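Q: This is the structure I want to talk about, given as structure tokens.
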Amino acid sequence: MKKVIFIVSLIVASVTLASAQRLAYVDSEYILKHIPEYTAAQKQLDNLSSTWQTEVDKQYEEIEKLYQAYQNDQVLLNEDMRRRREDEIVNKEKQVKDFQRQKFGFEGDLYKERIRLIQPIQDRVSNAIQELAKSESLDLILDKGSEVAILFANPSLDKSNDIVTKLGLKPNPSLAN
């Protein structure tokens, strides 16, 4: 009997503590859309990525032309010439793959540029969220725009506009998803 009373008391205490937590959520994508520097940085990254991708595509076209020429001339080439042409094609492919890795790979140039441009903006948003959590005594703030699955969210818990205002910007509901 004492165990049952203890378990019931524990459940009641858990429910009471859980309901005492103060929750809120923000939509980081919505917030970032309000920041002109973020939009400009994103456009700059897209342009840089597009430029590098065009260069990669051009190099692959050159490799394809070399391969087609090799296919056409293959019967006319002796073994030594054939091996040199094959090596040339393989080396060019290796160079293009190295270039792709350098520009687009993990911790490549695009990643470094993204960190340089986007990180300060994300830090500002994070600081604003932390200030809001402290000022409103919130225990937990979730991000509606991230990988966390929120199946239902009461709009009264949405603090995105508060963060936008805290960043010195004017909320624009048309930027919502």
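Counted the way mature numbering (1 follows the signal peptide of the UniProt record, and there is no 0) counts, the sequence shown spans residues -24 to -1, 1 to 153.
From the three backbone atoms N, C-alpha and C, an ideal C-beta is built for every residue, glycine too.
Small disclaimer: the values here were computed from a predicted structure and weren't measured.
Can you list, in chain order, the residues of its chain whose CB lies under 6 Å from that of His10, leaving out five sequence neighbours each side?
A: The residue labelled residue 10 in the question sits at position 34 within the sequence shown. So the qualifying residues of the chain are Val140, Leu145.
Q: Looking at the structure shown, is Ala104 part of a helix, part of a strand, or coil, going by DSSP?
A: Along the sequence shown, one-based indexing puts residue 104 at 128. Note: Ala104 maps to helix in three-state DSSP.
Q: Quick one: grab the DSSP three-state call for Leu127.
A: Walking along the sequence shown from the start, residue 127 turns up at place 151. Its pLDDT being 49, under 50, Leu127 is placed unreliably in this model, and the value from its coordinates should be taken loosely. It is coil, neither helix nor strand.
Q: Please state if the CB of Val66 and the CB of Gln35 are separated by a distance shorter than 8 Å.
A: Stepping through the sequence shown from its first residue, residue 35 is reached at position 59. Stepping through the sequence shown from its first residue, residue 66 is reached at position 90. Going by C-beta atoms, Gln35 is not nearer than 8 Å to Val66.
Q: Short of 7 Å in beta carbon distance, which residues of its chain neighbour Glu13, apart from the five on each side in sequence? Order them along the chain.
A: Here residue 13 refers to the residue found at position 37 when the sequence shown is read from its first residue. Cβ within range, chain order: Ile97.
Q: Quick check: what's the CA-CA separation for Ser4 versus Gly121?
A: Here residue 4 refers to the residue found at position 28 of the sequence shown. Here residue 121 refers to the residue found at position 145 of the sequence shown. Using only the alpha carbons, I get a separation of about 6 Å.
Q: Just verifying my parser: in three-state terms, what is the DSSP assignment at Asp134?
A: One-based indexing of the sequence shown puts residue 134 at position 158. Asp134 falls in the strand class under three-state DSSP.
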